[in-house]
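Visitor:
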Amino acid sequence: MVKRGKSNTSSEQSTVSLVIPSLYLGPCSAALSQSFLTTNSITHILSIGSSPANKVDGITYLRLSLSDSPSSSISKVSDAACTFIETALKSRNGTGKVFIHCSAGISRSPTIVAAYLMKCHNLSLKAALRQILKVRSQVSPNSGFLSQLKELDLELFGSISLDIDTLPRTEKERLALFEDAG
């Protein structure tokens, strides 16, 4: 019941997206779903926001505070998140699975996942957002987060691969923007 690019509205769990193997992205409600956590063998949960998640035995948690405001800095949060994600994926002899969420899985947590893909998988900003949007088309980092991701793109790769200030409003337009990304 994890979304892999196709819409499935049969349950709340369908709002969770598998971005890359063993890395899930979605809303905070899924972190409370014992069924989702068990079915997908989630070992780690990264909460991006101000409220701590309810904890389930056997799962490692990290909460990183980040307001969904254009003026919020993502650099320290993204560094800590990258370390946590890498540790999670290497845990349990490489079988660890991590679920990353914010409130709705639209701005904060996708921003952090994009930064992770850029830093740890050497993807440009455009390629990272394309990877996320192809499985979670409602993603829309706020303008401040997008600006900081562009700065990260320049820092890591020497150029900005996505020179826009905001993502298009509609899912169809967002997906069209990334059709040519490699």
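All residue numbers for the sequence shown refer to numbering that gives the first Met the number 0, where the first residue is 0 and numbers rise by one. C-beta atoms are modelled at their ideal positions from N, C-alpha and C, and glycine is treated no differently. None of these values were measured; they are calculated from a predicted model.
1) Quick check on the DSSP output: what are the complete beta strand (DSSP E) runs of length 3 or more inside the region 59 to 90, in order along the chain?
2) Pick out whichever of I19, T37, D56 and S74 has its Cα sitting closest to the Cα of S154.
3) Can you tell me which of the three DSSP states L151 falls into?
4) Give the straight-line distance between the Cα atoms of F83 and L45, rounded to the nearest whole angstrom.
5) Measure the alpha-carbon distance for D56 versus L151 and round it to whole angstroms.
6) Using the beta-carbon count (16 or more within 10 Å), is G104 buried or exposed?
7) Quick check on this structure: which residue in E170, A30 and S106 has the alpha carbon closest to the alpha carbon of V97?
8) Judging by CA-CA distance, which residue of L148, Q147 and I131 is the nearest neighbour of R173?
9) Our contact map puts I47 next to R107 with C-beta atoms below 8 Å; I'd like the distance itself, whole angstroms only.
10) In the DSSP assignment, the alpha helix (DSSP H) including F35 goes from what residue to what residue?
Guide: Walking through what the data contain:
1) Within the region 59 to 90, the complete beta strand (DSSP E) segments at least 3 residues long are 59 to 63, listed from N- to C-terminus.
2) Taking the sequence shown and counting its residues from 1, the one referred to as residue 154 is at position 155. Note on identity: in this sequence residue 154 is Glu, with Ser being the wrong assignment. A check of alpha carbon separations from E154 across I19, T37, D56 and S74 identifies S74 as the nearest.
3) Walking along the sequence shown from the start, residue 151 turns up at place 152. Helix.
4) Taking the sequence shown and counting its residues from 1, the one referred to as residue 83 is at position 84. Taking the sequence shown and counting its residues from 1, the one referred to as residue 45 is at position 46. F83 and L45 have their C-alpha atoms spaced approximately 8 Å apart.
5) Counted from its first residue, the sequence shown places residue 56 at position 57. Counted from its first residue, the sequence shown places residue 151 at position 152. The straight-line gap from Cα to Cα measures roughly 36 Å.
6) What you label residue 104 is simply residue 105 of the sequence shown in a count that begins at 1. It counts as buried.
7) Locating residue 97 in the sequence shown gives position 98, where the first residue counts as 1. Checked all of E170, A30 and S106; the closest Cα to V97 is A30.
8) Your numbering for residue 173 matches position 174 in the sequence shown. Taking only the C-alpha atoms, the option nearest R173 is I131.
9) Counting from one through the sequence shown, the residue named residue 47 turns up at place 48. Counting from one through the sequence shown, the residue named residue 107 turns up at place 108. Correct: roughly 4 Å between the Cβ atoms.
10) Counting from one through the sequence shown, the residue named residue 35 turns up at place 36. For F35, the enclosing alpha helix (DSSP H) stretches over residues Q33 to T38.
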